[in-house]
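Colleague:
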Amino acid sequence: MAESSQRLRIGIIGAGEVTQIIHLPTLCQLSHLYDITAICDLSKKNAEHCAAKYHIPKATTDPKDIFNSADVDIVFISVSDEFHEPYAIAALEAQKNVFIEKPITLSMQSAQRIIDAEKKSQGRVWVGYMRRHSRTFTEAFKRELESIPKILYARSRDFSGPNGKFTSQSGTFPVKNTDFPPLAGEERNKRVDALLKEAFGQEPTPEQVKYARFLGSLGSHDLSLMRESLGFPEDVTAVTVNEPFYSAIFKCRNKSGAKDPFFVTYESGIDGVPEFDAHLAVYGENKRVTIFYDSPYIKTQKPVMVRVQEVNEAGEVQTREIISTFEDAFASEFQDMHDCLVNGKEIKTSAEDAINELKLYDLMYAKYAESSK
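Position one of the sequence shown corresponds to residue 1 (UniProt numbering), numbered consecutively onward.
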């Protein structure tokens with residue numbers, strides 16, 4: 001393991017869009033904190049492209065080269081969800097720290113196996129929920145939220161638009177090579193099938209598969225942010241599944257005062273309109289607080305912003321907009337991760353935190369099954 005005075009050395013598994021457009025450029029800008037020493041991908045061309053572009057010493061197609069490298073302190077796992085568990089466990093068994101791009105995995109049992117492996121390892125697990133590390137969230141939004149005596153209602157929305165429109169115009173010029181091993185697709189399908197069968201307790205329907213995949217991808221950002229802001233829901237009172245759009249109503253409870261209940265509407269989906277409409281809005285009697293996020297895939301993304309609408313002491317309607325930082329959420333997240341790993345601080349987005357997402361998914365799956373009868 002690296003000493004606190006050293007830059008942490010990263011080995012990346014997965015050279016896809018997220019790695020090429022977000023992780024690599026951001027980590028290179030944080031060269032005072034990190035050194036990327038190796039990159040791995042099933043596509044040899046993808047791995048070699050990234051190695052050449054970002055001056056990474058080693059490119060490989062074998063994840064074991066990352067796990068077994070003496071030049072790696074943190075294994076970055078940025079691959080399909082079904083490979084998160086085996087790669088995380090292998091890295092932990094090699095006594096490495098692990099960054100897992102969200103979701104942690106697709107079933108409760110799988111997440112628990114990762115947690116069990118972490119307990120036996122010197123390594124620690126960090127799950128990539130970057131929105132929760134934005135300074136505008138941790139400072140402005142949470143501060144303004146605390147000043148609402150009683151929450152009456154909240155809304156979580158994420159209509160992200162077509163990702164391809166943003167990634168193709170990101171200015172990072174990602175490549176998509178397909179020189180994969182002949183049996184790679186078959187192995188991937190087997191792993192997905194096994195995980196989702198474990199998650200649902202039976203062979204899932206095509207609709208359930210799409211639902212699980214959606215919650216694990218776009219949904220995990222919003223539900224994780226909601227959990228930290230409002231607490232874990234007491235109940236899932238309703239869900240709708242109309243692929244590619246999904247919604248739910250959660251029953252939550254105020255943390256102070258009489259601890260009265262309130263409800264949260266969750267709405268999300270992907271259409272063909274390239275507008276990124278993502279926010280969490282919280283309503284009190286005399287105050288509304290909303291945090292807005294933009295697509296992380298474009299250089300010209302708007303900074304994370306909080307809007308406060310309230311009735312002031314003079315009885316006037318007042319609107320304030322707050323930006324705590326112009327730094328993007330990924331840069332903030334990776335700085336927080338370095339601080340936690342080198343200084344032994346508590347990890348907010350840990351594996352034990354992330355398993356709560358899967359608990360919530362299970363409640364949503366159960367409500368969907370109930371409503372489908």
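Where is the CB? At the ideal position from N, CA and C, for every residue including glycine. Keep in mind that this is a model prediction, so the values were computed, not measured.
Which residue comes first and which comes last in the alpha helix (DSSP H) that contains methionine 339?
Modeller: Per the sequence shown, residue 339 should be read as aspartate rather than methionine. Taken as a continuous stretch (DSSP letters only), the alpha helix (DSSP H) holding aspartate 339 covers 329-343.
Colleague: Within its chain, find whatever has a CB closer than 7 Å to the CB of glutamate 352; leave out the 5 residues flanking it on each side and keep chain order.
Modeller: Excluding sequence neighbours, glutamate 352 sits near Ile115.
Colleague: With DSSP as the reference, label threonine 290 as helix, strand or coil.
Modeller: It is a strand residue.
Colleague: The alpha helix (DSSP H) with lysine 251 in it runs from where to where?
Modeller: Here lysine 251 belongs to no alpha helix (DSSP H); instead the beta strand (DSSP E) covers 245-253.
Colleague: Grouping DSSP H, G and I as helix and E and B as strand, with all else coil, what is alanine 2?
Modeller: At alanine 2 the pLDDT is 46, less than 50, meaning the model places this residue with poor confidence; the figure from the coordinates comes in the next sentence. Note: alanine 2 maps to coil in three-state DSSP.
Colleague: Touch check for the segment 212-220 and the segment 176-183: three-plus C-beta pairs under 8 Å?
Modeller: With the cut-off at 8 Å, the segment 212-220 and the segment 176-183 do not touch.
Colleague: Using the Cα positions of leucine 360 and glutamate 234, report the straight-line distance between them to the nearest angstrom.
Modeller: Each residue's Cα considered, the two are about 10 Å apart.
Colleague: For glutamine 95 and isoleucine 89, I'd like the C-alpha separation in whole angstroms.
Modeller: Taking the straight line from one Cα to the other gives about 10 Å.
Colleague: Applying the criterion that 16 or more other CB atoms from any shown protein chain within 10 Å of the CB defines a buried residue, is histidine 49 buried or exposed?
Modeller: So histidine 49 counts as buried.
Colleague: Leaving out five residues on either side along the sequence, give the residues of the same chain with a beta carbon under 6 Å from the beta carbon of valine 192.
Modeller: Here the set comprises Glu82.
Colleague: Among residues of its own chain, excluding the 5 on either side of valine 18, which ones have a beta-carbon nearer than 8 Å to its beta-carbon?
Modeller: Result list for valine 18: Ser78 and Glu101, in chain order.
Colleague: Straight-line CA distance for alanine 140 to alanine 281?
Modeller: Cα-Cα distance, rounded: 13 Å.
Colleague: Using DSSP bridges, identify the partner residues of asparagine 97.
Modeller: For asparagine 97, which the question treats as bridged, DSSP gives the partners Ile74.
Colleague: What's the C-alpha gap between valine 311 and glycine 201?
Modeller: Answer to the nearest angstrom: the Cα atoms are 50 Å apart.
Colleague: Which ranges does the alpha helix (DSSP H) cover as unbroken runs of at least 4 residues, wholly within the segment 96-145, from first to last along the chain?
Modeller: With a minimum length of 4 residues, the continuous alpha helix (DSSP H) runs that stay inside the segment 96-145 are 108-119.
Colleague: Smallest Cα separation from threonine 138: which of Ala38, Val304 and Pro204?
Modeller: Out of Ala38, Val304 and Pro204, Val304 has the C-alpha closest to the C-alpha of threonine 138.
Colleague: For glutamine 208, tell me which candidate among Glu228, Pro244 and Glu186 has the shortest Cα-Cα distance.
Modeller: Cα-wise, what sits closest to glutamine 208 is Pro244.
Colleague: Whole-angstrom Cβ separation of leucine 230 and alanine 154, contact assumed at under 8 Å?
Modeller: At roughly 6 Å, the Cβ-Cβ gap stays under 8 Å, so leucine 230 and alanine 154 are in contact.
Colleague: Between which two residues does the alpha helix (DSSP H) carrying alanine 15 extend?
Modeller: Looking at the DSSP string, alanine 15 is not in any alpha helix (DSSP H), and its letter there is neither H nor E.
Colleague: Provide the residue span of the alpha helix (DSSP H) that contains threonine 237, from first to last.
Modeller: Element bounds for threonine 237: not the alpha helix (DSSP H) but the beta strand (DSSP E), 235-242.
Colleague: Taking contact to mean 3 or more Cβ pairs, one atom from each stretch, closer than 8 Å, check whether the segment 108-123 and the segment 245-252 are in contact.
Modeller: The segment 108-123 vs the segment 245-252: no contact.
Colleague: Confirm, please, whether the CB-CB distance from isoleucine 323 to threonine 136 is below 8 Å.
Modeller: Yes, the Cβ-Cβ distance between threonine 136 and isoleucine 323 is below 8 Å.
Colleague: Can you name the start and end residues of the beta strand (DSSP E) that glutamate 267 belongs to?
Modeller: Its beta strand (DSSP E) spans residues 261-269.
Colleague: Can at least three beta-carbon pairs, one atom from the segment 328-338 and one from the segment 29-37, be found at a separation below 8 Å?
Modeller: In short, these stretches touch, since the Cβ pair count reaches three.
Colleague: Determine, using beta carbons only, whether residue 422 and phenylalanine 159 come nearer to each other than 8 Å.
Modeller: Residue 422 lies beyond the residue range present for the chain, which begins at 1 and ends at 373; the question has no answer from this structure.
Colleague: How would you label serine 80, buried or exposed, when you count the other beta carbons within 10 angstroms and need 16 or more for buried?
Modeller: With fewer than 16 Cβ atoms within 10 Å of its Cβ, serine 80 is classed as exposed.
Colleague: From which residue to which residue does the alpha helix (DSSP H) around alanine 51 run?
Modeller: Element bounds for alanine 51: 44-54.
Colleague: If you count every other CB in all the chains shown that lies within 10 Å of the CB of arginine 143, and 16 or more means buried, which is it?
Modeller: Exposed, by the Cβ-count rule.
Colleague: Please list the terminal residues of the continuous alpha helix (DSSP H) segment that includes glutamine 208.
Modeller: Here the alpha helix (DSSP H) through glutamine 208 covers 206-214.
Colleague: Over the uninterrupted alpha helix (DSSP H) stretch that includes valine 192, give me the two end residues.
Modeller: Note, valine 192: alpha helix (DSSP H), 184-200.
Colleague: Thinking just about the alpha-carbon of each residue, which of Thr237, Ile13 and Phe232 is nearest to the one in arginine 253?
Modeller: If we check each option's Cα against that of arginine 253, Phe232 comes out closest.
Colleague: When the Cα atoms are used, what is the spatial distance from threonine 167 to lysine 345?
Modeller: Spanning the two alpha carbons is a distance of roughly 34 Å.
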